[in-house]
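Everything on this sheet refers to the single structure shown next.
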Amino acid sequence: MKRLLILSVLVLTAYATASACTNFIVTRGASTDGSILVSYAADSHALYGALYHTQGGKHKAGEMLPVINWDEGNYLTDIPQVPVTYTTNGNMNEHSLIIAETTYGGRSELEDKTGKIDYGSLIYITLQRAKTAREAILMIAELANTHGYASSGESFSIADTEEAWIMELIGKGFKDDGKGGNLNKGIVWVARRIPDGYVSAHANQARITTFPMNDPENCLYAPDVISFAREQGYFSGKDEEFSFSDAYAPADFGALRGCEARVWAFFRTVADGMDRYEDYAMGHNPKNKMPLWVKPSKKVSPKTVFDCMRDHYEGTKMDMTKDLGAGGHACPYRWRPMYWEVDGVEYCNERATATQQTGFWFVAQARPWAPKDMGILWFGVDDAATSCLTPIYCSSTEVPECFREGNGSMLEYSPTSAFWLFNRTTNFAYMRYDMIAADIRKVTDEWENRMLREADVIDQKVAPLKEKTRRKALTAYSVSTAELLFGRWQSLNSYLLVKYVDGNLKSEQADVLSYLDKDASHKHWVENGNGRQIPGKIQFPGYNEAWKRAVAKDNGEILKVIK
C-alpha cells in the first residue's frame, strides 16, 4: 500500500509507517503439497477489508473501462476494454493467476503526476486480462507504458500454477515534451523467476539487485532499465554490476528495520542459518545483505505460511512481547507514530508482519493437480494474528455477505460485516493479549486445519464435475463456509466478553472450543453452587512480573504499602 513518510531523512526508502504490506512466496518444489503459495497483507489505516469480485465476460467493441485510483478513490482515465475478461476474486483470477504487492516508494523524483494508471489498477485490470504469470508481467509493463504510471515504486508477486516471479518497477518522472506530454512516460522494471524449491519475500523495500541479462526463461526486464539509471546519475558501473534496488531504491536504516526485517523473520522461520543476517535486519549492517530467495530446511505447508503472517519477531531481539512497550499483558503492538524521541535521542518501534491496521489478508494457493478454476484464495480481514482465513475458490461467482464491498466502511459500522466483527474481537484482545489471543488462536488453528483437510475432500468430489457445475458447487461452498466462520466468530466474541469482562477471569469447565461447539454457555462456566448463574471461583490475574517491576521502579515510593 502507498506509504506516508514521517521523517525527511526517509524520503528515499519507506519505513512503511502509515500503510504497508508483506508478501511471502513459496514455489511448487518448496511446498509440502506441490502448490505455489503467495501471501499478502493489505495494511493501511484507511483501507476497509472486503473481498473484491469482478465477473468475467465478453465486451462490445469500443467499450471503455474507467480507471479508479485504488488508494485514493479518484477517477484517473478511461482505457479500452478487451473483448474477453476473466472472473477475479480478490487478487486471484479464475485461471489461478495471483498478483500481490508491496510498495517500496523509491526515488521520489521518479513519480509521474500525469500518469493515468496506479499500481492497484495495474493488479486488478491485469488479473481480468491475463492467464499466466509471464502474460501478467508483460501486460503490467504495457499498461503502464501506454497510459503512464501514477504511483511510486512497487514490488509485485506474480504466480500461476507453474511458476512464481518477483517484478519490481518504478516510474521515470516527468520530462516535458513541449506540448504538455511526458517524454519519460512509463516505467523501468525487472522481473525474476524464483527457482523451484526456493522461497522468497518482499516487504516495502525493493529486493532485486543484479540480474542475468541473457536468460529470458528466468529474467525479464525493460530495455532501458540500466541506461535510464545512467542518464539520471544513479549508476555508472558496468552493466553486469547494475543493481535495481541500489539504483532506484537505496536502503537506509528504516528500510532495513521496518521492511527487510519482516522478510528475515519469514526466512529464519523456514530456512537454516538466517541468524547471520540479524544485524542486517536490525539496520546495523547494511552490507550484510540477505539473498533474494532461500532454500527452506524442509518443505513448507500452507498452514506454516498462514502462521508466518502472524509473526511479531517472537524469539528474536526484536520480540515485541518482551519489552516494556508490551505493557502488562505482552501486547505485541505499538501505536503510531513509529518513531519517537526522548531527550534528543530518536527511537523506533518495530513494524512486524502482523499489524493492527490490516484491511484484508490472504494466502493464495495455485494448485497444479486441480483444474485451474479450483485455486484457493484463503481470505481473512483485520490483524492476521487474531483473525482467521477461510477458503474462497478462485472461480466463485458470488461474494459472501460478510466480505461484500459496500457492507460497511471505515466510517460506517455494519453488524453483518466480517471486518467489523473481527475488529471488535481483536481490539478487545489487545487489552489482555497474553490471555485473550491464546483463546482466539485455538479457534483459528482448529478452523484452518479443518478447512485444509476439507479441501482434499472437495478436490475428490468436485474436480471431476463439468466446469459449469463445478463452479456452482465451489461458489456455494465458499459462501456457506464464510458464513459459518462469521457465525463462529460471533460466538467467540460473546465468549471472550463473558470470560474477560472488567479485567477479571471467569473459571470454566472446558476450553473455548467446547463452548463454541456445544453452544451451552450457562453450563460451560463454573458457578457458585446456588443455581442462579452466578460465577464462582472468579480469578484476578493481575499483571506480568516485568510490568509490576517497572511500575514499582517508576512510582514505588507512592504505591509502597507501609506496615
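Taking the numbering used here, the leading residue of the sequence shown gets 640, the next gets one more, and so forth. Don't be surprised by glycine CBs; every beta carbon is placed ideally from N, CA and C. Just so you know, these numbers come straight off a predicted model, no measurement behind them.
Notebook entry, point to check: Around the Cβ of T652, are there at least 16 other Cβ atoms within 10 angstroms (buried) or fewer (exposed)?
Noted result: Model confidence at T652 stands at a pLDDT of 37, short of 50, so the residue's coordinates are unreliable; what they give is reported in the following sentence. Burial of T652 is indicated by the presence of at least 16 other C-beta atoms within 10 angstroms of its C-beta.
Note to self: Applying the 10 Å Cβ sphere with the 16-neighbour rule, what's the burial state of P862?
What the structure shows: P862 should be labelled exposed.
Check: So D1098 packs on A1009, CB below 8 Å; how close in whole Å?
Finding: Yes, they are in contact, since the Cβ atoms of D1098 and A1009 sit about 6 Å apart, within 8 Å.
Item checked: Between the CA atoms of K1107 and G695 - distance to the nearest angstrom -> Taking the straight line joining both Cα atoms gives about 14 Å.
Check: For the beta strand (DSSP E) that C858 lies in, which residues bound it at each end?
Finding: Segment C858 to Y860, the beta strand (DSSP E) holding C858.
Checklist line | Minimum C-alpha distance to P971 - residue among T1036, W1059 and D1073 | finding: Minimum Cα distance to P971 is reached at D1073.
Check: Can you name, in chain order, every residue of its own chain whose Cβ lies under 6 Å from the Cβ of W903, other than the five neighbours on each side?
Finding: Excluding residues within five positions, the ones whose Cβ falls inside 6 Å are Y916 and A920.
Check: Are the beta-carbon atoms of T800 and S884 separated by less than 9 Å?
Finding: Contact flag unset, no.
Margin query: Tell me which residues share the same chain as V721 and place their Cβ nearer than 6 Å to its Cβ, disregarding the 5 neighbours each side in the sequence.
Written below: Leaving aside the five residues that flank V721 on each side, the residues in its chain whose CB is nearer than 6 Å to its CB run, in chain order, R768.
Check: Looking at C-beta atoms only, is the number of pairs between the segment 987 to 1000 and the segment 710 to 727 that lie closer than 8 Å three or more?
Finding: Not touching, per the Cβ criterion.
Next item on the list: Look at the alpha carbon of H1163 and the alpha carbon of D1021, and state the distance between them as a whole number of angstroms.
Entry: Those two C-alpha atoms are separated by around 29 Å.
Item checked: Neighbour-count burial assignment, W1086, 16 or more Cβ in a 10 Å radius -> With 16 or more other Cβ atoms within 10 Å, it is buried.
Next item on the list: Quick one: measure Cβ to Cβ for R1080 and Y1139, integer angstroms, because I've assumed they're closer than 8 Å.
Entry: Not a contact, Cβ separation roughly 15 Å.
Item checked: Contact set for K818: own chain, Cβ-Cβ below 6 Å, skip 5 residues either direction -> Excluding residues within five positions, none has a Cβ falling inside 6 Å.
Note to self: So, under 8 Å CB-CB, N662 and H841 are touching, yes? Tell me the CB distance rounded to an integer number of Å.
What the structure shows: Indeed they touch by this definition, with Cβ atoms about 5 Å apart.
Check: Under three-state DSSP, which class holds R1080?
Finding: Three-state DSSP puts R1080 in a helix.
Notebook entry, point to check: In the structure shown, what three-state DSSP assignment does G836 receive?
Noted result: Note: G836 maps to coil in three-state DSSP.
Check: Smallest Cα separation from V838: which of S1133, M806 and A669?
Finding: The shortest C-alpha separation from V838 is found at A669.
Notebook entry, point to check: Near A830, which residues of its chain fall below 6 Å by C-beta distance, leaving aside the five closest residues on each side in sequence?
Noted result: I776, W804, M806 and L859, listed in sequence order.
Margin query: Can you find the residues in the same chain that come closer than 6 Å, C-beta to C-beta, to N857, ignoring five residues on each side of it along the sequence?
Written below: Around N857: R832.
Margin query: My assumption, with CB atoms under 8 Å, is that N1183 sits in contact with H951. Please give the rounded CB distance.
Written below: The Cβ separation is near 16 Å, so there is no contact.
Check: Would you call the segment 922 to 934 and the segment 891 to 898 in contact, with 3 or more CB pairs under 8 Å?
Finding: Yes, since at least three Cβ pairs between the segment 922 to 934 and the segment 891 to 898 fall closer than 8 Å, the two stretches touch.
Next item on the list: Provide the residue(s) that pair with C660 in DSSP beta bridges, ordered along the chain.
Entry: The bridge partners DSSP lists for C660 are A681.
Check: First and last residue of the beta strand (DSSP E) that includes G810?
Finding: According to the DSSP assignment, G810 belongs to the beta strand (DSSP E) that extends over A803 to G810.
Next item on the list: Starting from F867, follow the beta strand (DSSP E) in both directions and report where the run begins and ends.
Entry: In the DSSP assignment, F867 falls outside any beta strand (DSSP E) and within the unbroken alpha helix (DSSP H) covering V864 to Q871.
Check: Is W1128 buried or exposed, if buried means 16 or more other CB atoms sit within 10 Å of its CB?
Finding: Flag for W1128 reads buried.
Next item on the list: Report the rounded CA-to-CA distance for T753 versus Y743, giving the unit in angstroms.
Entry: Going from the Cα of T753 to the Cα of Y743 covers about 20 Å.
Checklist line | Close-in-space but distant-in-sequence residues of the same chain around A655 (CB under 7 Å, 5 per side omitted) | finding: Here the model assigns A655 a pLDDT of 36, short of 50, so the residue's position is not dependable and the matter cannot be decided.
Check: Where do the N-terminal and C-terminal ends of the alpha helix (DSSP H) with T765 fall, by residue?
Finding: From DSSP, the alpha helix (DSSP H) with T765 extends over Y758 to R768.
Notebook entry, point to check: Smallest Cα separation from F1058: which of V1082, T1036, Y1032 and T1025?
Noted result: That would be T1025, whose Cα lies nearest to the Cα of F1058.
Margin query: What does DSSP give as the partner residue(s) for R831 in the beta ladder?
Written below: R831 pairs with I805 and C858.
Next item on the list: Would you mind stating whether G729 and Y691 have Cβ atoms separated by less than 9 Å?
Entry: Note that the C-beta distance between G729 and Y691 is below 9 Å.
Next item on the list: Please classify T741: is it buried, with 16 or more other beta-carbons within 10 angstroms of its beta-carbon, or exposed?
Entry: The residue is buried, with at least 16 neighbouring Cβ atoms inside 10 Å.
Notebook entry, point to check: Could you check where the beta strand (DSSP E) with Y916 kicks off and where it finishes?
Noted result: That residue, Y916, is in no beta strand (DSSP E); it is neither H nor E in DSSP.
Notebook entry, point to check: What beta strand (DSSP E) runs, 3 residues minimum, are completely inside the segment 685 to 739?
Noted result: As far as the segment 685 to 739 is concerned, its whole beta strand (DSSP E) runs of at least 3 residues are 703 to 707 and 714 to 719.
Checklist line | Selection from R667, A789 and G673 that minimises the alpha carbon distance to V706 | finding: Comparing Cα-Cα distances from V706 to each of R667, A789 and G673, the minimum goes to A789.
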